[in-house]
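Numbering (the working numbering), first residue to last: 3 to 212. Heads up, the thing below is written out as C-alpha cells.
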C-alpha cells in the first residue's frame, strides 16, 4: 500500500466503488468509523438497511445490542473501530457472496493496515471464515483466539456471534448464545489487560445482559 494514503483518502475513494454488483443497489458506502488508533477493530458482515440509509456501521437493532455488549465491559464506540467485510448492503440483508467479499478486499486490507488494531473481533461466519481461512462455522470457532499474520503485524483475532444472531436467539440461559458472548467479551477485555490469550479465563456466571 502507498505509504502516503490516509484513512480519509481511502474512505473518499471507496464512495465511488463499482467493483461488484452491490454498487447497483446500495444507497451509500458504509466505510466504517471509530477510533483511528484502536486496540480493537470489529469486523461484521455487511451493512443493513439502517446502515445503508445513514452511512454508519451497526446503527440498527444489531448495533444497539453491540453497544450494550461493549458497555457491559466498560467499552464504548469511541474506544474501537467498527467496519464490515463489505461496504455496501447486500440485498435483503443476505450474507455477502464470495466475489463481493473479494472485491471489497481492496478496501478492507488497506483499512486494516492503516488502523493496525491489536485485536480483531470477527462477528459471524463471513469475516471469521475469510480473515482466518477457516471452513468451520461460527458456532465452532467462537471464543477461541487466533493469531493472524498480515504484512503490517500479527493481531489476535476472536470470532464472536453476530448481534443479529443473538437477537434471533434471545435467551439468557447459561450456555446459550448470549451467555457465550458474555464469556467471549470478558475474555477479550482480560487479554487487553494483560492476560495470556491461550485458553479462557474464569468468568462470571451472572449475565449482566445486553
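Glycine included, C-beta positions come from ideal geometry on N, C-alpha and C. This one's a predicted model, so the numbers in the text were calculated from it and none came from an experiment.
In the three-state DSSP reduction, residue 35 falls in the strand class (E or B). Burial is judged here by how many other beta carbons sit within 10 angstroms of a residue's own beta carbon; residue 128 has at least 16 and is buried.
Annotated three-state conformation of residue 191 is helix, per DSSP.
Straight-line measurement puts the Cα of residue 13 at about 30 angstroms from the Cα of residue 139.
By alpha-carbon distance to residue 141, the top candidate from 182, 175, 197, 153 is 182. Secondary structure note for residue 86: it is in no alpha helix (DSSP H), and the uninterrupted beta strand (DSSP E) holding it is 83-86. The C-alpha of residue 198 is placed about 19 angstroms away from the C-alpha of residue 184.
Collapsing the DSSP output to three states places residue 46 in a strand. At a Cβ-Cβ threshold of 8 angstroms, residue 71 and residue 43 do not count as neighbours.
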